[in-house]
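S.K.:
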Amino acid sequence: MWRGVFPAVTTKFKTDGELDHAEMERCFGLQMEAGVDGIIVCGSLGEAMTLEPSEKIEILKLARSVAGGKPVLMTICESATRRAGSRARDAAAAGADGFMVLPGVPYKSAPHETLMHLRAVAEAGDRPVMVYNNPVAYGVDVTLDMFEELAGDKRFVAMKESTDDIRRITDVFSRFGDRFDVFTGVDNLAMESLVMGAHGWVAGLVVAFPKETVAIHRLVLAGRLDEAREIYRWFRPLLDLDVSTNLVQNIKLAEAIAIKSNDRVRGPRMPLQGAERARVSGIVEKALASRPTLPLDLPASAAA
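If you want it as structure tokens, here you go:
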């Protein structure tokens, strides 16, 4: 059972472009100190497409060393099913607790092709799988009918719901009950999804604002909606930074300002510059100036 806040962490680089293990260890540690319930490495926010296979395993092992036994999931995002299976086997051998698996992007696969790909990765890695469903970004919708076909395989335990359609949460529960753990994957739809019953939040801005993210999740689950809503309204301009083609640069800049990290990225991405950098910096700095006081009596995590 996967429940709670799972940050999709960023990958940290040194000035020469190599992995910055020490900075990742520090940043991952801040997440754990804030009370997150798991970590997802090497996803879109982690600049997966710029990482070598060996680097992904290094990041996975580093995250596991910091996670204190909480689940660490490896993202599997490959254009070829054969290569995706190899990445899953390698990650399983390195200790991954499970996988967040995408369809074989950028190819827009037909439903039967998508199902073949997901099943092949699950079989190769033989670990629990969260299906990342983001038709807005990747052009492939893993529909409820397709999840019906996956439901017979116990390795498919969760879905990251990023369709941008809040009605999908209710549709999932109406059809499947608690068969799948449902995570919201869109930062600025997170509270809406949690109120409708989502079990968890695969979060982006959490990497810069971990305590606020954890607070919202726990308050919603405890039914303390007024308190959660107040924090969420403050958080909303920041959360909008996740819904952008520049989400990596946006969120890394937020990390640089909020937790004194850096916004180094790998090409072809480049750090934000000029007016756009000033705009995003202004949003983060305004939020920091009005940061809410969090309740001292936060409920325990649902994953505890």
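Numbering-wise, my numbering comes out as the position in the sequence shown, counting from 1, plus 92. Glycine included, each C-beta is placed from N, C-alpha and C at the ideal position. Bear in mind the structure is a predicted one, so any value in this text is a computation, not a measurement.
Per DSSP, K252 is paired with what?
M.R.: K252 is bridged to Y224, F275.
S.K.: Going by C-alpha to C-alpha distance, which of T107, S157, A140 sits closest to C119?
M.R.: Of the candidates T107, S157, A140, the one whose C-alpha sits nearest the C-alpha of C119 is S157.
S.K.: Can you list, in chain order, the residues of its chain whose CB lies under 8 Å from that of A207, leaving out five sequence neighbours each side?
M.R.: In the sequence under discussion, the amino acid at residue 207 is Leu, which differs from the Ala named in the question. Excluding residues within five positions, the ones whose Cβ falls inside 8 Å are M238, E241, L242.
S.K.: Suppose the cutoff is 7 Å on Cβ atoms and the five residues either side in sequence are ignored; what does the same chain contact list for V278 look like?
M.R.: Excluding positions up to five away in sequence, the list reads S254, D256, V335.
S.K.: How about V164 and V133: do their beta carbons lie closer than 8 Å?
M.R.: Yes, they are a contact pair.
S.K.: Counting along the chain, where does the beta strand (DSSP E) carrying I149 start and finish?
M.R.: Taken as a continuous stretch (DSSP letters only), I149 belongs to no beta strand (DSSP E), being part of the alpha helix (DSSP H) at 145 to 158.
S.K.: For S382 and D245, what's the separation of their Cα atoms in angstroms?
M.R.: Approximately 47 Å between the Cα atoms of the pair.
S.K.: Starting from I343, follow the alpha helix (DSSP H) in both directions and report where the run begins and ends.
M.R.: Residues 339 to 350.
S.K.: With the cut-off set at 8 Å, would you say P329 and I375 are in Cβ contact?
M.R.: Yes.
S.K.: Would you list the residues sitting across from P99 in a DSSP beta bridge?
M.R.: A295.
S.K.: In whole angstroms, what separates the C-alpha of P360 from that of G130?
M.R.: Those two C-alpha atoms are separated by around 29 Å.
S.K.: Pick from V193, A290, L152: whose alpha carbon is nearest that of A172?
M.R.: The shortest C-alpha separation from A172 is found at V193.
S.K.: Report the three-state DSSP secondary structure of I258 (helix, strand or coil).
M.R.: Here I258 sits in coil by DSSP.
S.K.: In its own chain, which residues sit with a C-beta less than 8 Å from the C-beta of L297, not counting the 5 before and 5 after it?
M.R.: For L297, where only same-chain residues beyond five positions count, the Cβ hits under 8 Å are D279, T305, F327, L330, L331, L333, D334, I343, A346.
S.K.: Cutting at 7 Å between CB atoms, please list the residues of its own chain near R407, excluding the five before and the five after it.
M.R.: Outside the shown range of the chain (93 to 396) lies residue 407, about which nothing can therefore be said.
S.K.: Following the continuous beta strand (DSSP E) through V133, name the residue where it begins and the one where it ends.
M.R.: 131 to 133 is the extent of the beta strand (DSSP E) around V133.
S.K.: On the three-state DSSP scale, how would you describe L165?
M.R.: Correct three-state label for L165: strand.
S.K.: Distance check for A214 and P203, CA to CA, integer angstroms please.
M.R.: Going from the Cα of P203 to the Cα of A214 covers about 17 Å.
S.K.: In the structure shown, what three-state DSSP assignment does V232 receive?
M.R.: It is coil, neither helix nor strand.
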